[in-house]
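Data first, discussion second: the structure below is written as structure tokens.
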Amino acid sequence: MTFANWCLFLGLLLLIMSISDSLLKKSPFSSAAVYMILGVAAGPYGLKLINLSMSIHDDAHLLEILTEIVVLVSLFAVGLKLPVRSSHAPWKVPILLATVAMVLTIGLTALIGLALGWSPAISLLVGALLAPTDPVLASEVQVSHGEDRDALRFGLTAEGGLNDGTAFPFVVLALGLLGYHDLGLYGMKWLGVDVLWAVIGGIGIGWLCGAGFTRAVIALRCRKGSAIGMESFLALGLIAVTYGLSIHASVYGFLAVFVAGLGMRGIE
């Protein structure tokens, strides 16, 4: 589609969804499900308004960028909702879900793929893609605000943000087995760079950006009496800076942006 048609399509979609938001709350469908149905209808299986070829000049490249932005904003918002320093925050549950349960789910899904006759690499890739809880699709069961103390909602919300740090290494491993990524001798590069550095570095960059930026804002507001407005733009700027630094540092940007939200919430 042309840029003008993209503006019309996205603008009308957002307006319709905004108007019908109250109606969706009374129905069994979530807004994410409606977006998915409309996307299929506009795609090659429906009205063919969107060209999904992999050429950089076609819609697939733009859709990749748009979906990245949606996930980044969702992950950051999830981080802002979670109480970091509260004694009521049961962090043990989401950590176990994002590590032990995630690895087991990836492994079981890969076994199903092998039983279907897929190659080990494809089975692992599908398992790594299907196992994580999607923070966008799971928005209906997430923590609704910072004071929400429901343990189940907290566990699902926190796991939805943390699981990228577990799933991405397996995606990279599968791509390496397919020949699209260098795993190093006996997988040592994958273990050192794609697992340890990418995860630990993502957590570090995210926390430094989120906590450091928030401390700077507090200092300007409280100590020097400076008023800072446009909080939405501040948040978007923090997301962009965190993600950009993560890409340059070769760490997992989604994980870093989620931790940046946690860092801002923890200092705030």
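If you want my numbering, it's the 1-based position in the sequence shown plus 30. Just so it is clear, CB atoms sit at the ideal spot from N, CA and C, and this is done for glycine as well. Because the structure is a prediction, the values reported are computed rather than measured.
On the DSSP letters alone, give me the boundaries of the alpha helix (DSSP H) that residue 61 sits inside. 61 to 72
Within a Cβ cutoff of 6 Å, which residues of the same chain sit near residue 48, ignoring the five residues on either side of it in sequence? none
Please list, in chain order, all residues of the same chain as residue 238 whose beta carbon is under 8 Å from its beta carbon, the five residues on each side excluded. When the five nearest sequence neighbours on each side are left out, the beta carbons in the same chain lying within less than 8 Å of the beta carbon of residue 238 are those of 293, in order along the chain.
Where do the ends of the alpha helix (DSSP H) carrying residue 133 lie? 132 to 145
Note down, in chain order, each residue of its chain lying with its Cβ closer than 8 Å to the Cβ of residue 68, except the 5 sequence neighbours on either side. 43
Alpha carbon to alpha carbon, how far is residue 65 from residue 53? Give it in angstroms, no decimals. 15 Å
Between which two residues does the alpha helix (DSSP H) holding residue 28 run? Past the edges of the chain, shown from 31 to 298, lies residue 28, and the structure says nothing about it.
May I ask you to report which of helix, strand or coil DSSP gives residue 161? coil
Quick check on residue 111: buried or exposed, where buried means 16 or more other Cβ atoms within 10 Å of its Cβ? buried
Short of 6 Å in beta carbon distance, which residues of its chain neighbour residue 120, apart from the five on each side in sequence? Order them along the chain. 181
If I'm right that residue 105 touches residue 284 with Cβ under 8 Å, what's the distance once you round it to whole angstroms? Confirmed, Cβ separation roughly 6 Å.
Endpoints, alpha helix (DSSP H) assigned at residue 36: It spans 33 to 49 - the alpha helix (DSSP H) in which residue 36 sits, taken as one unbroken run.
Specify whether the segment 200 to 220 and the segment 270 to 280 touch according to this definition: at least 3 beta carbon pairs, one from each stretch, less than 8 Å apart. no
What residue ranges within the segment 230 to 257 form continuous alpha helix (DSSP H) runs of no fewer than 4 residues, ordered along the chain? none
Spatial distance of residue 90 from residue 191 (CA atoms): 25 Å
Between the Cα of residue 161 and the Cα atoms of 193, 184, 266, 149, which residue gives the shortest distance? Cα-wise, what sits closest to residue 161 is 193.
Taking all protein chains shown into account, do 16 or more other C-beta atoms lie within 10 angstroms of the C-beta of residue 59, making it buried, or fewer, making it exposed? It is exposed - the Cβ of residue 59 has fewer than 16 other Cβ atoms within 10 Å.
Three-way DSSP call (helix, strand, coil) for residue 103 in this model: helix
When you compare only the Cα positions, how much space is there between residue 275 and residue 240? 12 Å
Would residue 236 and residue 287 qualify as a contact pair, given that the criterion is a beta-carbon distance under 8 Å? yes
Do you know offhand how far residue 280's Cα is from residue 230's? About 11 Å.
Just the Cα atoms here: how many angstroms apart are residue 247 and residue 264? 10 Å
Flag this pair as yes or no: are the beta carbons of residue 79 and residue 33 separated by less than 8 Å? No Cβ-Cβ contact shorter than 8 Å links residue 79 with residue 33.
Using a Cβ-Cβ cut-off of 8 Å (strictly less than) and excluding sequence neighbours within five positions of residue 102, which residues of its own chain qualify? 269, 273, 283, 284, 287
From the DSSP output, in three-state form, read off residue 56 for me. If DSSP states are grouped into helix, strand and coil, residue 56 belongs with coil.
Nearest-angstrom Cα separation, counted from residue 233 out to residue 124: Approximately 16 Å, taken between the alpha carbons.
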